[in-house]
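Q: All residue numbers for the sequence shown refer to our numbering, where the first residue is 61 and numbers rise by one. What follows is a structure written as structure tokens; I'll ask about it next.
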Amino acid sequence: MSHVTPIFTDLVRVETRLYNAVSARLRAEHGLGLGQFEFLEIIDRVPGCRVLDIVSELAITVGAVSKAVDRLVAAGWCLRVAHPQDRRSSVLRLTPEGEKQLAASRPTVESELISLTATVPPDALALIASTLATLRATLEAGSHGQPG
């Protein structure tokens, strides 16, 4: 086994546990999961956000994103609006209720992540952040890990 394999295993296990813990707290306090929060956050952050923008950022399939957006629309947190230049596409927008949900959820996500990572010294956390940002940029630049 290479020296990278245990690092990969730890990375995946840490991500899974962090994700599940944050998602559980969000569900308990706000009635949405971390996946829904992430979608709302991307729609809010990306001007003229479309399904393909979410696909690109999260590296999941168009079908998965489309179904998740349908659930956000059904919950009243998001709207699909006709794209002004491309009739085959929709622009995603948060509803006022979606904006409220996102604003209420952001501090919960932040506080749970701070709590869960409190045992890691700040300089070590900064090194982890820098290292992961470099690895992510490399993978994204090479289109590694995209579905299909």
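Glycine included, every Cβ here is placed at the ideal spot set by N, Cα and C. These figures come from a predicted structure and were not determined experimentally.
Can you check which of these residues, Leu-132, Val-74, Thr-65, is closest to Gly-211 by C-alpha distance?
A: Shown here, the chain extends from 61 to 208; a query on residue 211 therefore has no answer.
Q: Compare the Cα-Cα distances from Leu-139 to each of Leu-195, Leu-100, Val-180 and report the closest residue.
A: Leu-100
Q: Measure the alpha-carbon distance for Glu-117 versus Met-61 and round it to whole angstroms.
A: 31 Å
Q: Identify every run of the alpha helix (DSSP H) within the segment 94-173, keeping only runs that are complete inside it and at least 4 residues long; order them along the chain.
A: You should have 94-105, 111-118, 122-135.
Q: Leu-78 and Leu-176 - do their beta-carbons sit closer together than 7 Å?
A: yes
Q: Hey, how far is the Cα of Gly-202 from the Cα of Leu-86?
A: 33 Å
Q: Do you know offhand how far Val-64's Cα is from Val-125's?
A: 31 Å
Q: Leaving out five residues on either side along the sequence, give the residues of the same chain with a beta carbon under 7 Å from the beta carbon of Gln-161.
A: His-90, Leu-92, Leu-100, Trp-137
Q: By DSSP, does Ala-193 sit in helix, in strand, or in coil?
A: helix
Q: Tell me whether Ala-81 sits in a helix, a strand or coil according to DSSP, three-state version.
A: helix
Q: Can you have a look at Ala-119 and say buried or exposed, based on whether 16 or more other CB atoms are within 10 angstroms of its CB?
A: exposed
Q: For a quick check, are the C-beta atoms of Arg-105 and Ser-149 less than 7 Å apart?
A: no
Q: Which of the three DSSP states is assigned to Ser-175 in this structure?
A: helix
Q: Return yes when the Cβ of Ser-165 is within less than 7 Å of the Cβ of Phe-97, no when it is not.
A: yes
Q: Could you check what DSSP says for Val-180 in three-state terms: helix, strand or coil?
A: coil
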